[in-house]
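Numbering (the working numbering), first residue to last: 11 to 438.
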């Protein structure tokens with residue numbers, strides 16, 4: 011994957027020896043995340059049934075993860091990362107512009123599904139392209155820059171909404187906001203189109219393998235994955251079944267149509283959602299690196315145990331204390347902290363499989379995660395929210411998280427995976 015790049019555009023280096031192509035990719039992710047958070051924050055406050063919007067967001071997120079697995083596999087086969095990125099970025103931009111023109115629930119659903127498919131198509135190839143551009147010894151720094159700018163874009167998007175809603179109130183329409191969001195995505199597409207060239211693989215020739223041959227190779231890789239990996243996947247499957255869409259969280263906070271939140275006046279229905287997302291994104295940006303760093307020391311199962319406990323704490327805060335605004339804030343705090351541990355969770359998974367099967371293993375992870383989130387939001391959360399109450403819905407998804415905790419003692423304690431026939435993968 012880390013074949014030297016022979017293209018001039020990608021070999022130009024700027025600050026700290028980072029290639030121009032990576033800066034452009036990271037700035038493109040900054041704009042795409044800013045655009046995405048703007049849309050995500052506003053959708054729960056459209057004039058549709060709240061549980062339906064939450065269910066929709068969970069289902070499309072699961073669909074996106076499944077698309078991510080397929081796109082990553084295909085980009086490995088054809089060795090053309092940029093094409094997948096262009097298709098994904100283009101679909102995201104078009105879908106967000108369609109949202110600006112949407113006038114019915116069906117058109118919103120169509121635009122959101124299309125957007126999430128686009129997001130899934132570009133995600134894994136983008137991660138792979140960064141690895142193609144970067145030398146192995148600098149992967150941590152390069153991925154760190156990409157994630158940092160992406161999180162900064164998310165924070166900026168929700169912060170912009172707070173500014174607009176606080177100063178302009180209801181004079182700003184959701185259609186206008188979706189239009190601006192689509193334009194930001196268009197800018198990221200243009201940056202990718204003209205600023206990043208396709209990486210040339212020196213040892214790669216056009217593939218003549220049939221689909222059957224490719225599928226056989228994938229099955230062989232799956233058979234080589236160790237038993238301990240599948241135990242980790244089972245643990246993560248139940249953990250992800252406890253994940254709920256942020257749309258449920260924002261809708262829950264806005265159930266009583268508050269005119270102020272913790273003393274801050276609310277001049278627009280979407281302002282509360284923007285405040286919640288900003289708080290969560292800032293928390294993630296502050297805690298992701300130190301929590302990931304701590305997970306490199308000792309038993310990684312402790313990190314997963316902490317992730318489960320924080321997720322349970324978030325759901326119980328919403329379930330038992332959600333009648334008070336400080337209880338909602340406490341739930342958002344716990345949810346943001348557990349979200350900060352996602353990098354550590356990926357390290358836990360990565361260390362359970364050999365280096366040459368990482369792509370296949372993460373493909374399984376994304377597919378399983380997407381399926382679990384789809385079940386959780388599309389069936390458990392949405393159904394219980396409608397049939398019983400929002401508080402009980404949050405408590406219902408505690409059950410699979412507790413099951414996930416029960417699997418942890420049966421997972422073998424391991425250090426980063428080492429294979430005597432392969433170079434040892436070092437932590438960056």
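The C-beta atom is built at its ideal place from N, Cα and C for all residues, glycine as well.
Nothing here was measured: the structure is a model prediction, and the numbers come from that model.
Just tell me which of the options has its CA closest to the CA of residue i.
| i | options | result |
| --- | --- | --- |
| residue 298 | 277, 325, 269, 346 | 346 |
| residue 328 | 314, 343, 174, 41 | 343 |
| residue 409 | 89, 322, 195 | 322 |
| residue 29 | 253, 388, 207 | 207 |
| residue 10 | 254, 235, 58, 92 | Outside the displayed span of the chain (11 to 438) sits residue 10, for which this structure offers no information. |
| residue 156 | 94, 39, 109 | 39 |
| residue 310 | 302, 284, 358 | 358 |
| residue 388 | 238, 420, 96, 67 | 67 |
| residue 86 | 131, 250, 416, 413 | 131 |
| residue 350 | 296, 324, 338 | 296 |
| residue 417 | 400, 125, 113, 312 | 312 |
| residue 300 | 178, 354, 308, 284 | 354 |
So who's on the other strand from residue i, going by DSSP bridges?
| i | result |
| --- | --- |
| residue 48 | For residue 48, which the question treats as bridged, DSSP gives no partner whatsoever. |
Would DSSP call residue i helix, strand or coil?
| i | result |
| --- | --- |
| residue 271 | strand |
| residue 236 | coil |
| residue 410 | helix |
| residue 279 | coil |
| residue 364 | coil |
| residue 353 | helix |
| residue 252 | coil |
| residue 125 | helix |
| residue 209 | coil |
| residue 308 | coil |
| residue 228 | helix |
| residue 99 | helix |
| residue 299 | helix |
| residue 375 | helix |
| residue 56 | coil |
| residue 153 | helix |
Locate the alpha helix (DSSP H) running through residue i, then write down its first and last residues.
| i | result |
| --- | --- |
| residue 389 | Where residue 389 is concerned, there is no enclosing alpha helix (DSSP H), given that its DSSP letter is neither H nor E. |
| residue 336 | 335-349 |
| residue 313 | 311-331 |
| residue 264 | Note, residue 264: premise wrong, no alpha helix (DSSP H); not H, not E. |
| residue 90 | Note, residue 90: premise wrong, no alpha helix (DSSP H); not H, not E. |
Return the chain-ordered list of same chain residues with a C-beta closer than 7 Å to the C-beta of residue i, the five sequence neighbours on each side being excluded.
| i | result |
| --- | --- |
| residue 291 | 161, 164, 165, 168 |
| residue 5 | This structure cannot settle anything about residue 5, because the visible part of the chain is limited to 11 through 438. |
| residue 176 | 277, 281 |
| residue 194 | 41, 44, 45 |
| residue 187 | 48, 52 |
| residue 360 | 368 |
| residue 203 | 96 |
| residue 239 | 362, 363, 371 |
| residue 105 | 121, 124, 125, 128 |
Suppose the cutoff is 8 Å on Cβ atoms and the five residues either side in sequence are ignored; what does the same chain contact list for residue i look like?
| i | result |
| --- | --- |
| residue 63 | 53, 54, 56, 257, 261 |
| residue 127 | 73, 74, 77, 101 |
| residue 455 | Beyond the ends of the chain as shown, which are 11 and 438, falls residue 455; an answer cannot be given. |
Grab me the residues of residue i's own chain with a C-beta within less than 6 Å of its C-beta, minus the 5 sequence neighbours each way, in chain order.
| i | result |
| --- | --- |
| residue 83 | 373 |
| residue 196 | 103 |
| residue 247 | 378, 382 |
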